[in-house]
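Quick note: my numbering has the sequence shown finishing at residue 1655, numbered continuously throughout. Where a beta carbon is used, it is the ideal one built from N, C-alpha and C, also for glycine.
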Amino acid sequence: MANDELDPRLIELLDKLKSVLERDTRAALRGKNKFLAEAVSLSESRRHSRWTTIFQIKKEKFAMNLLVSALVIAGLLFGGNATVAASQDALPTDALYQIKLLAEETRLFFNTDPAVEVELLMQQAQARTQEMAALNAEGVTPPDALVIRTQDRIHQALEVTATLDETDVADTLSQIRDQLKTQDRLLDQLRDGSCADCEPVLDQTRDMLRDQLRDVEDGLADPAGFVHRHRNQNGMPTPEPTEAPVTEEPTEIPTEEPVATVEPIATETPVIMPQASCTPALDGTGLQNGNMGTSQPQNGNGEPPADPGNNGEGNGQQNGGKP
1333 MANDELDPRL IELLDKLKSV LERDTRAALR GKNKFLAEAV SLSESRRHSR WTTIFQIKKE
1393 KFAMNLLVSA LVIAGLLFGG NATVAASQDA LPTDALYQIK LLAEETRLFF NTDPAVEVEL
1453 LMQQAQARTQ EMAALNAEGV TPPDALVIRT QDRIHQALEV TATLDETDVA DTLSQIRDQL
1513 KTQDRLLDQL RDGSCADCEP VLDQTRDMLR DQLRDVEDGL ADPAGFVHRH RNQNGMPTPE
1573 PTEAPVTEEP TEIPTEEPVA TVEPIATETP VIMPQASCTP ALDGTGLQNG NMGTSQPQNG
1633 NGEPPADPGN NGEGNGQQNG GKP
């Protein structure tokens, strides 16, 4: 098609498109980042909304199931008394047995008294052993579910007992002990050989009952220890034991008797007495006189000169005692 056949205005617009400026690189990058950010934000919002919707649906379904179950239970209790009464003697092999179990759960659900709850749980545990006896009489092996339900009910009864006041624990444990002994005697009576296939399940149940009975006996011997042990198993806070205040007796402070201090013994200071010293006297010759303290001259032999009065005799005696 020739150009002269086109509308001149169209030709003018086409000519403008031929000279298009190149796009700014920075502007293109900013636009791209903005677009990607919006895309990611929208995706997160959708994912979060979808998960929230799923949880809401599940929550609504759970609430609806709970409501339906409550309505069914209420209908069975208040509108189907005949059906519930007929199911009380039902065995695990009967069609009404599930209604019997549902009625038991309903009584526990609407109960608010812990002491009554323990009584209901032990009644249901005893009902399970009676069902074992009935099945044994028919030659039917009791299912393992009966053993599990029996153990579960006894365990729940002990756990609820641990939540009671310590003053009520001993009485409740005493009642549980009597019921466990009754169930144990019932199982002992079934060991008559009438159902050989039933004996393994019966022996298992009897061993379980005796284990629980030992736990109860320990609890009766030490109620505080029983409460502490079971509450720790369930992660429940245990009460601190209340200790009686201890009155401290005044302690006598020993008074020290004065100790006599020994005076130091005075030591006598030795007194040095001056001693007289004899100084030899010198004679006139410059020699020392042999007789100290005398100044008599000595002869050449070192002897004193003879006394001229007694003719050279020096006996030292006076004549006739006279001078």
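Tell me which residues share the same chain as residue i and place their Cβ nearer than 7 Å to its Cβ, disregarding the 5 neighbours each side in the sequence.
{"i": "L1452", "result": "R1439, L1440, N1443"}
{"i": "G1449", "result": "Residue 1449 is actually Glu in this sequence, not Gly. Same-chain partners within the cutoff: L1440, N1443, V1492."}
{"i": "W1383", "result": "Summary for W1383: the model assigns pLDDT 45, below 50, so the residue's position carries little reliability; its value from the coordinates is reported in the next sentence. Within the same chain, W1383 has no close Cβ partners at all."}
Answer yes or no: do residue i and residue j have a C-beta to C-beta separation smaller than 9 Å?
{"i": "D1547", "j": "F1558", "result": "yes"}
{"i": "M1540", "j": "Q1507", "result": "no"}
{"i": "L1496", "j": "A1447", "result": "yes"}
{"i": "Q1458", "j": "R1481", "result": "no"}
{"i": "L1657", "j": "L1467", "result": "Since the displayed the chain opens at 1333 and closes at 1655, residue 1657 lies outside it and no answer follows."}
{"i": "A1465", "j": "L1512", "result": "no"}
{"i": "L1534", "j": "P1474", "result": "yes"}
{"i": "H1562", "j": "A1502", "result": "no"}
{"i": "T1425", "j": "V1479", "result": "no"}
{"i": "D1524", "j": "R1538", "result": "no"}
Within the same chain, show all residues whose beta-carbon is closer than 8 Å to that of residue i, passing over the 5 residues directly before and after it, in chain order.
{"i": "R1509", "result": "L1545, V1548, E1549, L1552"}
{"i": "E1277", "result": "Residue numbering for the chain in the displayed model covers 1333 to 1655; residue 1277 lies beyond these limits and cannot be assessed."}
{"i": "L1345", "result": "none"}
{"i": "D1500", "result": "A1447"}
Which residue's Cα is closest to the Cα of residue i: the options?
{"i": "A1469", "options": "L1433, C1527, Q1515", "result": "C1527"}
{"i": "N1566", "options": "L1361, V1533, Q1488, L1345", "result": "Q1488"}
{"i": "L1505", "options": "A1359, I1486, D1529, R1523", "result": "I1486"}
{"i": "D1554", "options": "E1498, E1531, P1532, N1365", "result": "E1498"}
{"i": "Q1321", "options": "R1362, A1477, A1360, P1340", "result": "An answer regarding residue 1321 cannot be provided, because it is not within the stretch 1333 to 1655 covered by the chain."}
{"i": "T1514", "options": "P1532, R1460, N1564, R1341", "result": "R1460"}
Take residue i and list the residues in its own chain whose beta-carbon comes closer than 6 Å to its own, dropping the five residues that flank it on each side.
{"i": "C1530", "result": "N1468, T1473"}
{"i": "E1437", "result": "none"}
Please check if any C-beta of chain D sits within less than 9 Å of the C-beta of residue i.
{"i": "R1485", "result": "Of the protein chains in this structure there is only one, and it is not chain D."}
Problem - Within the segment 1429–1516, ranges of the alpha helix (DSSP H) (whole runs, at least 4 residues) - result: 1429–1441, 1446–1469, 1476–1494
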